[in-house]
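S.K.:
Protein chains: 2
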Amino acid sequence: MRCGSKVPLYGAKSFLCRCGGLYDVRHDFSEIARGGRVYWHDVFDKRCRPVRGHAETTSGVWRFTELVMPSIERYNIVTLGEGVMPFWRAGENLRNWVGGNLDLWIMPEGLTPTASFKDFGGTVMVSVAKQSGVEAIGCASTGDTSAMAAAYAAAAGMKCVVVLPKGKVTDAQLVQPLAYGAKVISIPGSFDDCMRVVRELVDAGKMFPANSLNPARIEGHQATVFLAAQFFDWCLPDWFVVPIGNGSNSSSVGKGMRTLSELGLVGRRSRILGTQSEAANPLAMSWGTVQKDGCAQASESEWMKAYKPLEELGDTTATAARIGNPVSAEKVMREVVSADGAVLTVSEIGLNTAVLVAGRDGHFVCPQTGMALAGLRKAVPLGLIRERERVVVVSTAAGIKFPGVVTEYGDGTVLETGSCRTEEIAEAIGV
Amino acid sequence: MRCGSKVPLYGAKSFLCRCGGLYDVRHDFSEIARGGRVYWHDVFDKRCRPVRGHAETTSGVWRFTELVMPSIERYNIVTLGEGVMPFWRAGENLRNWVGGNLDLWIMPEGLTPTASFKDFGGTVMVSVAKQSGVEAIGCASTGDTSAMAAAYAAAAGMKCVVVLPKGKVTDAQLVQPLAYGAKVISIPGSFDDCMRVVRELVDAGKMFPANSLNPARIEGHQATVFLAAQFFDWCLPDWFVVPIGNGSNSSSVGKGMRTLSELGLVGRRSRILGTQSEAANPLAMSWGTVQKDGCAQASESEWMKAYKPLEELGDTTATAARIGNPVSAEKVMREVVSADGAVLTVSEIGLNTAVLVAGRDGHFVCPQTGMALAGLRKAVPLGLIRERERVVVVSTAAGIKFPGVVTEYGDGTVLETGSCRTEEIAEAIGV
């Protein structure tokens, strides 16, 4: 992204440019552009009907093969049926809590094989790995990334290695990688040591990285935008609201919109609202110092100058986004500025309340989604998001993966009665 | 089902017939039958493309509105987008473990809003409740039923009551109902007391029951068969394999096949393999005493005579199917016999191994699904299921809801190294 030098995607051994910048995947869309708007809308719409053995119809990501990875050979596609999921219209409780009388939608990306949005990137990353002849995939993660890497490696018949610091990981965090048969190794060091080990094993050509540095992941995450565009009859919503951890969501939302727009498949693009928690808000903090009148009128370079990674992080239930130096920070800045967006900080109480309010409508989302919802609620009185605008919130994981929100912040006390008499119980519960 | 007496579905206050028998929902399909095979296949296929605000296109259950509940008014439909999910072709590890060179498929019904198959029944049950003017729904459950009831009640703007025995329930079991805002009440009694209280509150007209007695649930579960029929181009597979707890899966698979077949929408029906664990196998045990040559040639009445509820239950990780007296036992017998099926007992090691083997293919399923997979493996050498037959396994919940399988039975040990040196780590993990 910085110096403009190029490397081939398949068979790549290095995942950070010699200049220190990130890689960004570029496709040759010239063939595809010839199809035109009507042709492609029709192709994508027809693929909603599943046909056995055709990943284009059985995966919500590969429905858009020509946009996410046109150079993939079909037999290298490794899919678990990710992206086949509903859209949720926000319920009354949430709409009232957010305010602004919005046309509000939630994309529940937790309703996927490993219960987080990472599957969207995972399917593309592992398919690229397969086409590259890779035999092992590795990461240093206790969360959704290790679950995703382990699942897709298993589906591809590859080895998956998860490197972790000894004594700092709970059994619960290992259930998914172990269920998928990953090799988990604990070393006497910190998380940074684990990351270094993974980087060195990648550099030595011994494995393919599953972390956010891998640019193939972003390509798959674009499907969020493609699915939404299709759902809204090929008109993008006014806003996408996303939580920011390492930044792959905001990066891919931006990139996906550019892809659609350059190929003439949609008209107007959406704006992007990124959200971070008080515990870890390096992008929101720096955006705050350079924005004017609550809009992203700052340039990327101004923002970059103001941006400082955070060393000390606070506590939050939104652990998946508790990141002081987002890998994709550069990409986030590019996309938010280009989409006339914003990045807001939300309070810990705000994000947890959001989860509980959405639950009252039957939508149990993760605390990272809570960040997005609380950010949205903040953006309305700021005038950033206007009355009746159409807003799509990207819900990044299933609520059941984060029970702490309910046990720590929930107001749902368990009532008790002194007897088993039905009348007494009826009175206690008010029926 | 026994005495032939009839009650109206909407506004029903009683959920067990005066004769002690179960209710079964009957629809008037005369209008629908006139459409014919080609017409309905085309209608259902077109609904795969989601259209906002049309539940027929945004829910895999309501795609089949005319089959699951033709009498519902569209504005009473309460949906969370259940049944929008992929099909999984079984991977190599599982296919090899099962044997028989089968064309083996898994329906991951855990990839639904509350992460269990109960959502299929829940959406129909709560929609019927809404059309009946119900204000509160209740159950005595710590598992998937309470999660489902709480979620759909929230979506419908109804109250949900969960009655539980004091001191016998863990925090983890309450996360979902509390997240959805259910009123949880703990009483100083046993689970049977809780059930009695719920029954009395239902009889008093104070709430609608969310448990398996509610016949509207079965109607929604039929969508499993409808989705599978559609996925296989309107030809049913040779077998459906299901775990049996209270029996709603096997009942609804049988009923769904009859519905399709009576309307002329499919040709040949599937056979049904029901499975139970050693810990709780009243149906498998009694089936074993009346079957001949491993096939369900027994009559319903013979089976009924041999059937005895179990009082003492063993331990199992498949807690959701640990039931000694299945509510739908009668319906299970009817459907298994009519589908020339079988019910087998599987060992505790078998069902847990099945989960771990499926995990190696990237499919993390629950231990109840493990029961179905282990039963399938047993049915192959018995000659019940033949080489190359097409088999659909109904996977009833997400694996992450049942971490015990991995922590208690998993072979995935965590490797340890004495240093953080990359070479040593590479050697330890064999890359």
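Residue numbers (our numbering), protein chains in the order written: chain Z, 19 to 449; chain R, 19 to 449. Where a beta carbon is used, it is the ideal one built from N, C-alpha and C, also for glycine.
For Arg52 of chain R, does the three-state DSSP call read helix, strand or coil?
M.R.: Helix at Arg52 of chain R.
S.K.: Below 8 Å on the Cβ atoms is my guess for Ser266 of chain Z versus Gly156 of chain Z; work out the distance and round it to an integer in Å.
M.R.: So it is not a contact: roughly 18 Å between Cβ atoms.
S.K.: Checking the sheet assignment: what are the DSSP bridge partners for Arg289 of chain Z?
M.R.: Z:Trp257
S.K.: Taking Cβ to Cβ, would you say Gly430 of chain Z is nearer than 8 Å to Gly109 of chain Z?
M.R.: no
S.K.: Going along the chain, which residues of its own chain have a beta-carbon closer than 6 Å to the beta-carbon of Leu394 of chain R, five neighbours each way excluded?
M.R.: Beyond the five residues adjoining it in sequence on each side, Leu394 of chain R comes within less than 6 Å, by CB distance, of Val116, Val259 in the same chain, given in chain order.
S.K.: Check for me: the beta strand (DSSP E) holding Pro183 of chain R runs from which residue to which?
M.R.: 177–183
S.K.: For Leu400 of chain R, count neighbouring C-beta atoms within 10 Å of its own C-beta (all shown protein chains included) and say buried if the count is 16 or more, exposed if not.
M.R.: exposed
S.K.: What do you reckon, is the C-beta of Lys323 of chain R under 7 Å from a heavy atom of the ligand COA?
M.R.: Inclusion of the ligand COA in the displayed structure is not the case, the ligand content being empty and no account of it being possible.
S.K.: Helix, strand or coil: which one does DSSP assign to Phe47 of chain Z?
M.R.: coil
S.K.: Would you identify the three-state DSSP class for Arg395 of chain Z, choosing helix, strand or coil?
M.R.: In the structure shown, Arg395 of chain Z sits in a helix (DSSP, three-state: H, G or I).
S.K.: Taking only beta carbons into account, state which residues of the stretch 115–126 of chain R come closer than 9 Å to chain Z, listed in chain order.
M.R.: Trp123, Pro126
S.K.: Can a CB atom of chain R be found closer than 8 Å to the CB of Thr435 of chain Z?
M.R.: At least one chain R Cβ lies under 8 Å of Thr435 of chain Z.
S.K.: Please state whether DSSP places Trp305 of chain Z in a helix, a strand or coil.
M.R.: helix
S.K.: Does Arg67 of chain Z get closer than 8 Å to chain R when you measure Cβ to Cβ?
M.R.: Chain R contact via Cβ: present.
S.K.: Could you check which residue in Z:Ala30, Z:Phe33, Z:Val216, Z:Gly53 has the C-alpha nearest to that of Leu278 of chain Z?
M.R.: Z:Gly53
S.K.: Can you confirm whether Leu34 of chain R, when its beta carbon is compared against all beta carbons of chain Z, has any partner nearer than 8 Å?
M.R.: no
S.K.: Please decide whether Pro385 of chain R counts as near chain Z, where near means a Cβ-Cβ distance under 8 Å.
M.R.: no
S.K.: Quick one: list the residues of chain R neighbouring Ala338 of chain Z, beta-carbon separation under 9 Å, in chain order.
M.R.: The contacting residues do not exist; Ala338 of chain Z stays about 15 Å from chain R at best.
S.K.: Does chain R have any CB closer than 8 Å to the CB of Glu296 of chain Z?
M.R.: no
S.K.: Under a three-way DSSP split, which group does Phe226 of chain R fall into?
M.R.: Phe226 of chain R: strand per DSSP, three-state reduction.
S.K.: On a Cα-Cα basis, can you pick out the residue from Z:Ala222, Z:Val350, Z:Asn232, Z:Val179 that is closest to Ser319 of chain Z?
M.R.: Z:Val350
S.K.: Just checking my contact of Ala339 of chain R with Gln386 of chain R at CB under 8 Å: how many whole Å lie between their CB atoms?
M.R.: 5 Å
S.K.: What do you reckon, are the CB atoms on Asp358 of chain Z and Arg408 of chain Z nearer than 8 Å?
M.R.: no
S.K.: Using a beta-carbon distance cut-off of less than 8 Å, what residues from the stretch 361–379 of chain R approach chain Z?
M.R.: Val373, Leu374, Gly377, Arg378, Asp379
S.K.: Of all the beta strand (DSSP E) runs that stay within the bounds of the stretch 145–213 of chain R, which reach a length of 3 or more residues?
M.R.: 154–157, 177–183, 201–205
S.K.: What are the start and end residues of the beta strand (DSSP E) that includes Leu362 of chain R?
M.R.: Looking at the DSSP string, the run of the beta strand (DSSP E) that includes Leu362 of chain R is 360–364.
S.K.: Look up Ala297 of chain Z in the DSSP assignment and say whether it is helix, strand or coil.
M.R.: coil
S.K.: What are the residues in the stretch 96–107 of chain R lying within 9 Å of chain Z by C-beta distance?
M.R.: Val96, Thr97, Leu98, Gly99, Glu100, Gly101, Val102, Met103, Pro104, Phe105, Trp106, Arg107
S.K.: Considering just the uninterrupted stretch of the alpha helix (DSSP H) at Trp321 of chain Z, what are its terminal residues?
M.R.: 318–324
S.K.: Given 8 Å as the limit, is there contact between the stretch 56–67 of chain R and the stretch 124–138 of chain R, that is, 3 or more CB pairs closer than that?
M.R.: Inter-segment contact for the stretch 56–67 of chain R and the stretch 124–138 of chain R is absent: fewer than three beta-carbon pairs are separated by less than 8 Å.
S.K.: How many Å lie between Leu231 of chain Z and Arg217 of chain Z at the Cα?
M.R.: 10 Å
S.K.: Identify, in the order they occur along the chain, each residue of the same chain with its Cβ nearer than 6 Å to the Cβ of Val243 of chain Z, setting aside the five sequence neighbours on each side.
M.R.: The residues are Val271, Gly274, Met275.
S.K.: Roughly how many whole angstroms lie between the Cα atoms of Val43 of chain R and Ala197 of chain R?
M.R.: Answer to the nearest angstrom: the Cα atoms are 32 Å apart.
S.K.: Would you kindly report the start and end of the unbroken alpha helix (DSSP H) that includes Val271 of chain Z?
M.R.: 266–280
S.K.: Rounded to whole angstroms, what is the Cα-Cα separation between Glu426 of chain Z and Gln191 of chain Z?
M.R.: 19 Å
S.K.: What separation, rounded to the nearest whole angstrom, lies between the Cα atoms of Lys24 of chain Z and Gly377 of chain Z?
M.R.: For Lys24 of chain Z and Gly377 of chain Z, the gap between their C-alpha atoms comes out near 46 Å.
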